[in-house]
Amino acid sequence: MGVRRNILTSSQARTQYVEGARTLKAEFLGPTTSDLAIGGPARQVSTWDLFVVWHHIAMNRFTPPSQSDRNAAHRGPVFLPWHRFMMLLLELQFQRVLGDRDFGLPYWDWAADGERAPGQQPGSALWGPDAMGGQGSPVTTGPFAFDAARPDSWRVLIDVDVQNRLRSVDRGLRRSFATSASALPRRSDVQRATGQTAYDESPWSTTSGGFRNLLEGWQPVAGAPHLHNRVHVWIGGDMLPSSSPNDPAFYLNHCNVDRIWAAKQASAASPPYVPTAGASAALLGHRIDDQMYALLSSSLTPRQMLDVSRWYTYDSLAV
Amino acid sequence: MHDDDDLGLSGDPESVIESIGREKAGLGESVHHGPGAIETVRESTYRGHHIVVRTSYEISIDGQPVEGHLGVSNDGQVHYHAIPNLGFASAVELVEKLIDAFPDDFEDVGDGEPPGDGDDSGDPHAGHG
Numbered sequence: 003m004g005v006r007r008n009i010l011t012s013s014q015a016r017t018q019y020v021e022g023a024r025t026l027k028a029e030f031l032g033p034t035t036s037d038l039a040i041g042g043p044a045r046q047v048s049t050w051d052l053f054v055v056w057h058h059i060a061m062n063r064f065t066p067p068s069q070s071d072r073n074a075a076h077r078g079p080v081f082l083p084w085h086r087f088m089m090l091l092l093e094l095q096f097q098r099v100l101g102d103r104d105f106g107l108p109y110w111d112w113a114a115d116g117e118r119a120p121g122q123q124p125g126s127a128l129w130g131p132d133a134m135g136g137q138g139s140p141v142t143t144g145p146f147a148f149d150a151a152r153p154d155s156w157r158v159l160i161d162v163d164v165q166n167r168l169r170s171v172d173r174g175l176r177r178s179f180a181t182s183a184s185a186l187p188r189r190s191d192v193q194r195a196t197g198q199t200a201y202d203e204s205p206w207s208t209t210s211g212g213f214r215n216l217l218e219g220w221q222p223v224a225g226a227p228h229l230h231n232r233v234h235v236w237i238g239g240d241m242l243p244s245s246s247p248n249d250p251a252f253y254l255n256h257c258n259v260d261r262i263w264a265a266k267q268a269s270a271a272s273p274p275y276v277p278t279a280g281a282s283a284a285l286l287g288h289r290i291d292d293q294m295y296a297l298l299s300s301s302l303t304p305r306q307m308l309d310v311s312r313w314y315t316y317d318s319l320a321v
Numbered sequence: 008m009h010d011d012d013d014l015g016l017s018g019d020p021e022s023v024i025e026s027i028g029r030e031k032a033g034l035g036e037s038v039h040h041g042p043g044a045i046e047t048v049r050e051s052t053y054r055g056h057h058i059v060v061r062t063s064y065e066i067s068i069d070g071q072p073v074e075g076h077l078g079v080s081n082d083g084q085v086h087y088h089a090i091p092n093l094g095f096a097s098a099v100e101l102v103e104k105l106i107d108a109f110p111d112d113f114e115d116v117g118d119g120e121p122p123g124d125g126d127d128s129g130d131p132h133a134g135h136g
């Protein structure tokens, strides 16, 4: 069983994450851009990039198709179980290429860095050369730096264009810290989410109250972005489009989001997942027994993601 | 280290390839709005009355149409699927952000700078996947 550790306090987790990410980025199992309906000449897609594609497609599937707000992975109750599903499958890929069935994806406790002064936040050890590297267009430091002369340097090979179409590219990773959001979330922001008494609430969207929507980051509306959303926006660059899993920092953010959910689940006042199976068909794709959108495995339901104790645990649920 | 379990989860490459094979027929669906005006639909029920609000957007940048899907939440926030982490009070602000977020799609004409580090003016309401 994997143990998910804080990437800033576990050098082993940090080293394995970098090694596994780079291995999956360089592994080509056979599927091509043509298989995935990506335009241009067909070329093979790495295992890492298959998850980029899956995330984009899920984000662009309205659930149900009759409305245009909730999608198969975001903006509704399924946000947390769908990303848990995604990370579980990625974790299995890491375990395979690392030869370590106890490997757990690391998390970034971004609220700890959020307690620092905004001007100091880009100086977090996370962005050091022995962790995720820094910002830039392209990133030029750390294990995901771009060097045009080196075929083995980290390359973004699939992204989206302004028309929201996947496309083949070949360039370096981009980050632009604090450009669109000035500071990371703080502990008090997390506690406001974990203090919610309901998992989610009607109208089950970005306008809902409840734990999921606060953690996803759509509420409250006033002021800066929130929690998970703010972390994407604060990092910027390739973390902005729907191809955001291009940046290895994507999973560090989502692993922490999942950890916060796990902490909420472990609390004495853990609310049940809603909507229930008997809820309106207008909530198709988000009810507890609905099939979640899968590309790289058979589908699962939110109910099947509620207890992860057979797969992984966290080194700490202190949020 | 990549065992099948009772839910069928697996890290085996063969499992991944088989799954993509099953899904690929439907992969071209609905990820791109296409040409023409973008219509959004908001629905609500108030005191037992069903409300439907349809809004059409026709957006261009330098004369080139923006054709991805745009949506409006019931609180009036406008969002665009290509930058799913962001919501805006104004569609104009949203389109300005598209120019910043997709530098490969827009030639830099040198008239004004994108917001720099620490500039939180107009901080959008953000969300992501």
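Chains as they are written, first to last, in our numbering: chain A, 3 to 321; chain B, 8 to 136. Even for Gly, the Cβ is constructed at its ideal location relative to N, Cα and C. Note that the structure is predicted; figures quoted are calculated from it, not measured.
Whose C-alpha, out of the options, is nearest the C-alpha of residue i?
{"i": "W263/A", "options": "D51/A, H57/A, E218/A, D37/A", "result": "E218/A"}
{"i": "L93/B", "options": "P227/A, E117/A, P79/A, P145/A", "result": "P227/A"}
{"i": "I290/A", "options": "L298/A, M307/A, S299/A, M61/A", "result": "M307/A"}
{"i": "S246/A", "options": "A195/A, R103/A, V54/A, K266/A", "result": "V54/A"}
{"i": "S139/A", "options": "R118/A, P153/A, T181/A, L107/A", "result": "T181/A"}
{"i": "L34/B", "options": "Q95/A, H57/A, N8/A, K27/A", "result": "H57/A"}
{"i": "Q84/B", "options": "V48/B, V116/B, P110/B, Y53/B", "result": "V48/B"}
{"i": "W220/A", "options": "R63/A, R188/A, G78/A, G174/A", "result": "G78/A"}
{"i": "S70/A", "options": "V60/B, D69/B, G70/B", "result": "V60/B"}
{"i": "P124/A", "options": "I237/A, K266/A, S299/A", "result": "I237/A"}
{"i": "R118/A", "options": "S300/A, P273/A, S184/A, D249/A", "result": "S184/A"}
{"i": "Y295/A", "options": "P33/A, N62/A, W50/A", "result": "N62/A"}
Using DSSP bridges, identify the partner residues of residue i.
{"i": "R169/A", "result": "D161/A"}
{"i": "P72/B", "result": "S67/B"}
{"i": "N255/A", "result": "Its beta-bridge partners do not exist; DSSP assigns none."}
{"i": "G138/A", "result": "V141/A, R177/A"}
{"i": "G4/A", "result": "Y314/A"}
{"i": "G78/B", "result": "H86/B"}
Can you find a C-beta in chain A that's less than 7 Å from the C-beta of residue i?
{"i": "F95/B", "result": "no"}
{"i": "H88/B", "result": "yes"}
{"i": "V38/B", "result": "Only weak support is given to the placement of V38/B: the predicted model assigns it a pLDDT of 47, under 50, and the value that follows is read from those uncertain coordinates. Chain A contact via Cβ: present."}
{"i": "E30/B", "result": "yes"}
{"i": "S26/B", "result": "yes"}
{"i": "D82/B", "result": "yes"}
{"i": "S101/B", "result": "Sequence check: residue 101/B is Leu here, not Ser. Not one chain A Cβ lies under 7 Å of L101/B."}
{"i": "G33/B", "result": "no"}
{"i": "P42/B", "result": "no"}
So, does the CB of residue i fall closer than 7 Å to a CB anywhere in chain B?
{"i": "R289/A", "result": "no"}
{"i": "S311/A", "result": "no"}
{"i": "M88/A", "result": "no"}
{"i": "R98/A", "result": "yes"}
{"i": "N8/A", "result": "no"}
{"i": "D111/A", "result": "no"}
Given residue i, which residues of its chain have a CB within under 6 Å of its CB, disregarding the five upstream and five downstream residues?
{"i": "F113/B", "result": "I106"}
{"i": "R189/A", "result": "A113"}
{"i": "G136/A", "result": "W129, T143"}
Grab me the residues of residue i's own chain with a C-beta within less than 8 Å of its C-beta, minus the 5 sequence neighbours each way, in chain order.
{"i": "E21/A", "result": "L100"}
{"i": "I66/B", "result": "I45, P72, V73, L77, A98, V102"}
{"i": "S384/A", "result": "For chain A, the structure presents residues 3 to 321; residue 384/A sits outside this window and is missing."}
Keeping to the same chain, check which residues put their C-beta closer than 7 Å to that of residue i; ignore five residues upstream and five downstream.
{"i": "L16/B", "result": "none"}
{"i": "D172/A", "result": "R157, L159"}
{"i": "G106/A", "result": "G4, V5, R6, R7, E93, Y314"}
Problem - Segment contact flag, the region 160-171 of chain A with the region 204-221 of chain A, C-beta cutoff 8 Å, min 3 pairs - result: no
Exercise for the section: Determine, using beta-carbon pairs with one atom in the region 82-95 of chain A and one in the region 295-304 of chain A, whether at least three such pairs fall under 8 Å. Expected result: yes
Practice task
Mind the definition here: the region 93-113 of chain A touches the region 146-158 of chain A only if three or more C-beta pairs lie below 8 Å; say whether that holds.
Solution key: no
Practice task
Decide if the region 269-285 of chain A is in contact with the region 39-52 of chain A; the criterion is three or more beta carbon pairs, one per stretch, under 8 Å apart.
Solution key: no
Exercise for the section: Spell out a yes or no on whether the region 242-260 of chain A and the region 107-124 of chain A are touching, meaning 3 or more CB-CB pairs, one atom from each, closer than 8 Å. Expected result: yes
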